[in-house]
Amino acid sequence: MEYDFIVVGGGLVGSSIAYGLARQKYKVAVLDGGDRSFRASRGNFGLVWVQGKGADFAPYAKWTGQAADLWPELVAELANKTGLGIDYQRSGGMHFCLDETEWDERMQEMEQVREHTNGSFEYEMLNHAQLKKHIPQISSAVLGASYSPQDGHVNPLYLLQALQQGMDYHQVDYFPGQAIDRIEAQQGGFCAHSTQGTLSAEKIAICAGLNNRRLGEMLGMDIPVVVDRGQIMITERLQPFLNFPTLHVRQTAEGTVQIGYSHEDVGLDEGTSPSVLKKLASRAVSMFPFLARVGLVRAWGALRVMTPDHNPIYQQSVTCPGAFTVTCHSGVTLAAMHAGPVAGWIAGSDEPDLINRFSTDRFNVSPG
Amino acid sequence: MKSHYQLLVIGAGPAGLAAAADAARLGVDVALVDEQKAPGGQIYRNVGAAGERVKDYLGKDYLRGKRLVDEFLQSGATYINHAPVWYLDERLETGILVDGASHFIGADRLLLATGAQERPMPLPGWQLPGVMTAGAGQILLKSAAMLPTGRLVLAGAGPLLLLIAWQYLRAGVKIEAIIDTTPGSDQLETLPRLARALPALDYLLKGLSFMLAIKKAGIPVYKAIDNLRVEGRESIESVHFNTVRGKSSTEIGIETDTLLLHQGVIPNIRLPLAAGCKVEWDAQQQSWQVAKDIWGQSSVDRVLVAGDCAGIVGARAGELQGRLCALEIAHQLQKIDLEQRDRAAKGIKRSLQRHLSIRPFLDALYAPSQAYQLPHDDTLVCRCEEVNAGQIRQAVRMGCVGPNQVKAFTRCGMGPCQGCLCASTVAALVADETGASMEQVGYFRVRPPFKPITLGELADT
Amino acid sequence: MFRLVEDSGSDTVTLRIEDREYAVPAGISVAAAVLLCGIDKVRTTPVTASPRLPYCMMGICFDCLMRIDGVPNQQACQVEVAQNMTVEYQQGAAELLQQE
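Okay, structure coming up:
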């Protein structure tokens, strides 16, 4: 076998896994798509987010918390190896509540997560006056917010770049512009036939986002990927005014304001729609009235790699052991987890606690 | 303004004006939408209000625009001015911004006539105050009756550069020097095309007369140069280059207050791409063109294209293409039958042929120089985000196989101009570094808004 | 450096560019006015604080961004001069607009 591992997919998930494996001195090849491939990283909001996750699924609450805690180390390590800054800040994050009902429901969710994590999840419910101290421009239409000091944000594109340069640092063979024709299990490992030819490896990780269903089938895995479109907008650069990322509005290190959060079931369509853009703009302006006079520079759609219950899938094929998949829509928040414990699991070292809770068994599908 | 027309024309340059006027006369319910205050596009900018002296300096060709504008204004077509198009997608609902309010207009047929832009000419120091495009100089003359004063240098290649030099001479502007970057090596290749261009003899003679005027005025013209760069701290102070003769090279520096650059024009394909139109790379013109037939029909059912936005053809040919579009649209909408369409088209097609015959010659003669397509590492490629050619080359070496990946990692193309001034350079650099063809490399994804809109204006749609 | 063509029209408007008042022909763009009045720059860039003047004059380069009547990031080549208009440099990223 030419390689120890082939990782299919060079996005945030694939790059984290490949980087993590290469860091342990394994010989890794990455097969990545092209310039116009679907890339969830281009639609990512850049949140390194803990609050609210896993309120209805305790393992995810714990998993996410651990992932966020591993982040600072990953940033420092990547900066060391590549010299790249990725604008990571563990600034704390806000989730706005617009009325009493929302506020109460939110508090309950926060409590659930605190329970699931045995108290390690930290949060605070802020009323309007308290919120305004931190975010002076917030409108009176926002009643309050849930705040967690464990939330942060990062530039997801720079993260991807840093991971790719980290891969290069550890001598990963990176093949861009590839289309996978087929993957076969064979004696001693796996063979991947793609645009550039054939590669062989002992083990293979399918981290190709929306392509995971098709590729998984080749290796006896039934991976239920659900396509979900989010539309995002970005404004011109502004002087800094917002120190806390939120789900709907985030000011980047460049000063541009990212506006988002929408879900649509439209298939493989990365387009935009005036009605959703209008909604996003209205919501942003209702939260920050001064934004009404701020110019929009770009709006786009991107496809999330969703699973039926929104929680990640970590699965090893039963009929083709040595074939794995990592399928999730939180490639940023979970990046350090993927580079660390998950890469370790794929390499055959200790199975991290909880990882078996994320297998495809939970969907009553054939696990392969 | 209604919410639906039979035909919506975008762009009030020669192609759009002619198309809208003819369509209206043929009984089509047509509206023309344009971002400027008055019709004319860029080539006939402000032709309705320009003063006598300005019109004199600009020459007879500019006056043709007045007739075209009048024809349009009298045709019965609806004219919606000060209306930039901020949104368009494959559903073909056009979002325009009028008086701070967004309106969507539907149409049975959409005609895109959004014209061209200058091909970017990146060189060291091109971002300094005092450096502008030749087109900017023309716009200042046409719309503000302004002429350069102080020291002026022109640099680049193409008919527009000759034209503006001639116009400035008529206006008494002193030109310090013309730096002619026309590639010299292809003279032999251009000769056969010259023969085929003879039907457009008037263009050839016009070009010659411009060159003669420049010679007569005694303006120093420098050819066969390289290493063109601008120097200055807070603004342009001088322009420098090397003249190459055989093995010897002489460095020349010219102090100047204003430098006007030109490297030809390229189609503005953003709205055609947004509508889903197929584009093709044209190796001769070194630009993307919108795929269309002789009638202007694009690859998208209800969308037609005319004028420079589909491929550079010039003002006269653009006007004729607009007229053919109008005939085709009138036919598609059953205002005229096939026989009427073809009969009316005959003379237009002949005229169009004649005006198009100059293109291969001009395209070969004024092929863009590699030097400005593949600039030095320290040259700014993205003026908005200040990304230089070296950073782009580095991104490609690190694995980016296309312009969108380069953009994601360098921010090149993420600024307010959204790639208007850097797209062609980025693609050329990627092709050069990877050895891929321009078709393989592709282009920046186009996304709305295509003109500025505020969040408040969007929220109030 | 630019001048007007002789006899090019009589109507003028007075506007303020930074801290001085200027009389310019009615109907021209703010970008043209800036060039006519010999102003040194329209803005400084957000990334390196470098000075810029208008480049394309047709609305595609976005180099002519200025603060006009208090609103930042306006393309000066797309805005017509008006009586008593205030025009200021756009220094880097747009300054916050406070609204209650």
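Protein chains in written order, with the numbering used here: chain A, 745 to 1112; chain B, -6 to 454; chain C, 3 to 102. Backbone N, C-alpha and C fix where the C-beta goes; we use that ideal spot for every residue, glycine too. Treat the numbers as computed from the prediction; the structure is a model and nothing was measured.
Cβ separation of residue i and residue j, assumed to be a contact under 8 Å, to the nearest whole Å
{"i": "residue 853 of chain A", "j": "residue 799 of chain A", "result": "4 Å"}
{"i": "residue 512 of chain B", "j": "residue 212 of chain B", "result": "The first residue shown for chain B is -6 and the last is 454, placing residue 512 of chain B beyond what the model contains."}
{"i": "residue 770 of chain A", "j": "residue 748 of chain A", "result": "4 Å"}
{"i": "residue 463 of chain B", "j": "residue 299 of chain B", "result": "With chain B covering only -6 through 454, there is no way to say anything about residue 463 of chain B."}
{"i": "residue 96 of chain C", "j": "residue 75 of chain C", "result": "5 Å"}
{"i": "residue 979 of chain A", "j": "residue 1049 of chain A", "result": "27 Å between Cβ atoms; not a contact."}
{"i": "residue 837 of chain A", "j": "residue 896 of chain A", "result": "7 Å"}
{"i": "residue 148 of chain B", "j": "residue 175 of chain B", "result": "Not quite, the Cβ-Cβ distance comes to about 11 Å (not below 8 Å), so this is no contact."}
{"i": "residue 125 of chain B", "j": "residue 27 of chain C", "result": "No, residue 125 of chain B and residue 27 of chain C are not in contact; Cβ-Cβ is about 20 Å, not under 8 Å."}
{"i": "residue 165 of chain B", "j": "residue 250 of chain B", "result": "Not really, about 17 Å apart at Cβ, beyond 8 Å."}
{"i": "residue 1101 of chain A", "j": "residue 447 of chain B", "result": "In fact, because the Cβ distance is near 46 Å, the residues do not count as touching under 8 Å."}
{"i": "residue 42 of chain C", "j": "residue 227 of chain B", "result": "7 Å"}
{"i": "residue 0 of chain B", "j": "residue 322 of chain B", "result": "6 Å"}
{"i": "residue 785 of chain A", "j": "residue 901 of chain A", "result": "6 Å"}
{"i": "residue 439 of chain B", "j": "residue 395 of chain B", "result": "Going by Cβ atoms, the distance from residue 439 of chain B to residue 395 of chain B rounds to 14 Å, so no, they are not a contact pair."}
Unbroken beta strand (DSSP E) run spanning residue i, endpoints
{"i": "residue 847 of chain A", "result": "No beta strand (DSSP E) holds residue 847 of chain A; the alpha helix (DSSP H) holding it covers 844 to 860."}
{"i": "residue 0 of chain B", "result": "-3 to 3"}
{"i": "residue 949 of chain A", "result": "941 to 950"}
{"i": "residue 977 of chain A", "result": "970 to 981"}
{"i": "residue 772 of chain A", "result": "772 to 775"}
Same chain only: Cβ atoms within 7 Å of residue i, ignoring 5 sequence neighbours per side
{"i": "residue 156 of chain B", "result": "203"}
{"i": "residue 454 of chain B", "result": "95"}
{"i": "residue 876 of chain A", "result": "882"}
{"i": "residue 12 of chain C", "result": "none"}
{"i": "residue 177 of chain B", "result": "216, 217"}
{"i": "residue 925 of chain A", "result": "937, 938"}
{"i": "residue 1107 of chain A", "result": "968, 1052"}
{"i": "residue 43 of chain B", "result": "135"}
Close-in-space but distant-in-sequence residues of the same chain around residue i (CB under 8 Å, 5 per side omitted)
{"i": "residue 1021 of chain A", "result": "975, 977, 1043"}
{"i": "residue 179 of chain B", "result": "The predicted model places residue 179 of chain B with a pLDDT of 48, which falls under 50 and marks its position as unreliable; any figure quoted below should be read in that light. So the qualifying residues of the chain are 357, 358, 360."}
Contacting residues, own chain, Cβ-Cβ under 6 Å from residue i (five flanking each side not counted)
{"i": "residue 45 of chain C", "result": "54, 67, 91, 92"}
{"i": "residue 919 of chain A", "result": "775, 940"}
{"i": "residue 828 of chain A", "result": "906"}
{"i": "residue 400 of chain B", "result": "406"}
{"i": "residue 1045 of chain A", "result": "973, 975, 1014, 1015, 1016"}
{"i": "residue 3 of chain C", "result": "none"}
{"i": "residue 128 of chain B", "result": "111"}
Element boundaries [alpha helix (DSSP H), containing residue i]
{"i": "residue 781 of chain A", "result": "Taken as a continuous stretch (DSSP letters only), residue 781 of chain A belongs to no alpha helix (DSSP H), as it is neither H nor E."}
{"i": "residue 813 of chain A", "result": "802 to 826"}
{"i": "residue 161 of chain B", "result": "152 to 163"}
{"i": "residue 21 of chain C", "result": "No alpha helix (DSSP H) holds residue 21 of chain C; DSSP gives it neither H nor E."}
{"i": "residue 344 of chain B", "result": "331 to 349"}
To test your reading of the DSSP string, which unbroken alpha helix (DSSP H) runs of 4 or more residues are found completely within the segment 890 to 918 of chain A?
When DSSP assignments are scanned along the segment 890 to 918 of chain A, the uninterrupted stretches of alpha helix (DSSP H) that are 4 or more residues long and fall wholly within it turn out to be 900 to 913.
Every unbroken beta strand (DSSP E) inside the segment 27 to 90 of chain B [3 residues or more]:
The qualifying runs are 71 to 73, 78 to 80.
Stretch pair the segment 20 to 27 of chain C + the segment 92 to 102 of chain B: three plus CB contacts closer than 8 Å:
Touching, no, given that fewer than three Cβ pairs across the two stretches are closer than 8 Å.
Length at least 3, wholly inside the segment 95 to 144 of chain B: the beta strand (DSSP E) runs in chain order:
Scanning the segment 95 to 144 of chain B for uninterrupted beta strand (DSSP E) segments of 3 residues or longer gives 109 to 111, 124 to 126, 139 to 141, listed from N- to C-terminal end.
Contact between the segment 58 to 76 of chain B and the segment 11 to 20 of chain B: three or more CB pairs below 8 Å?
Below 8 Å, enough C-beta pairs join the segment 58 to 76 of chain B and the segment 11 to 20 of chain B to call them touching: three or more.
Any contact of the segment 373 to 393 of chain B with the segment 406 to 413 of chain B, i.e. 3+ C-beta pairs under 8 Å?
Contact holds: three or more Cβ-Cβ distances are below 8 Å.
Count Cβ pairs between the segment 128 to 140 of chain B and the segment 30 to 45 of chain B that sit closer than 8 Å; are there 3 or more?
Touching, yes.
Whole alpha helix (DSSP H) elements within the segment 1027 to 1100 of chain A, 4-residue minimum
Qualifying alpha helix (DSSP H) stretches, in chain order: 1087 to 1091.
For the segment 1087 to 1103 of chain A against the segment 70 to 84 of chain B, are there 3 or more C-beta pairs whose distance is under 8 Å?
The way I'd put it, the segment 1087 to 1103 of chain A doesn't touch the segment 70 to 84 of chain B; fewer than three beta-carbon pairs between them come closer than 8 Å.
Answer yes if the segment 348 to 361 of chain B comes into contact with the segment 380 to 387 of chain B, meaning at least three C-beta pairs across the two stretches below 8 Å, and no otherwise.
Contact between the segment 380 to 387 of chain B and the segment 348 to 361 of chain B is absent, because fewer than three Cβ pairs lie under 8 Å.
The segment 299 to 317 of chain B contacting the segment 338 to 350 of chain B, beta-carbon criterion three pairs below 8 Å:
Judged by Cβ distances under 8 Å, the segment 299 to 317 of chain B makes contact with the segment 338 to 350 of chain B, as three or more pairs qualify.
Should the segment 1003 to 1011 of chain A be called in touch with the segment 1064 to 1075 of chain A, which here means at least 3 C-beta pairs below 8 Å?
Using a C-beta cut-off of 8 Å, the segment 1003 to 1011 of chain A makes no contact with the segment 1064 to 1075 of chain A, since fewer than three inter-stretch Cβ pairs fall below that distance.
Tell me whether the segment 83 to 90 of chain C and the segment 26 to 43 of chain C touch, counting them as touching only if at least three CB pairs, one residue from each stretch, are closer than 8 Å.
By the Cβ rule, the segment 83 to 90 of chain C counts as touching the segment 26 to 43 of chain C, because three or more pairs are nearer than 8 Å.
Using a Cβ distance threshold of 8 Å, determine whether the segment 860 to 874 of chain A contacts the segment 795 to 813 of chain A, with at least three qualifying pairs required.
Contact check between the segment 860 to 874 of chain A and the segment 795 to 813 of chain A: three or more CB pairs, one atom from each, fall below 8 Å, which counts as touching.
Given 8 Å, three or more beta-carbon pairs between the segment 424 to 443 of chain B and the segment 113 to 124 of chain B:
No: the two stretches stay apart, fewer than three of their Cβ pairs being nearer than 8 Å.
Between the segment 297 to 311 of chain B and the segment 0 to 8 of chain B, do at least 3 Cβ pairs fall closer than 8 Å?
The answer is yes - the segment 0 to 8 of chain B touches the segment 297 to 311 of chain B, with three or more Cβ pairs under 8 Å.
I want to know whether the segment 190 to 199 of chain B touches the segment 237 to 246 of chain B - three or more CB-CB distances under 8 Å.
Judged by pairs of C-beta atoms under 8 Å, the segment 190 to 199 of chain B does not touch the segment 237 to 246 of chain B, as fewer than three such pairs exist.
Can you list, in chain order, the stretches of the beta strand (DSSP E) that have 3 or more residues and sit fully within the segment 12 to 94 of chain C?
Complete beta strand (DSSP E) runs here, min 3: 14 to 19, 22 to 27, 67 to 70, 73 to 77, 88 to 93.
Inside the segment 384 to 435 of chain B only - alpha helix (DSSP H) runs reaching at least 4 residues
Taken in chain order, the whole alpha helix (DSSP H) runs of length 4 or more contained in the segment 384 to 435 of chain B are 396 to 403, 416 to 427, 431 to 434.
For the segment 269 to 316 of chain B, list the beta strand (DSSP E) runs that are entirely contained and at least 3 residues long, ordered along the chain.
Runs of the beta strand (DSSP E) spanning 3 or more residues and lying entirely within the segment 269 to 316 of chain B occur at 272 to 275, 280 to 283, 296 to 298, in chain order.
Is the segment 808 to 820 of chain A touching the segment 785 to 795 of chain A in the sense that three or more CB pairs, one from each, lie closer than 8 Å?
Segments in contact, yes.
Starting from the N-terminal side, write out each stretch of the beta strand (DSSP E) that is 3 residues or longer and does not extend beyond the segment 188 to 271 of chain B.
DSSP assignment within the segment 188 to 271 of chain B yields the following whole beta strand (DSSP E) runs of 3 residues or more, N-terminal first: 218 to 224, 231 to 238, 241 to 248, 251 to 256, 258 to 260.
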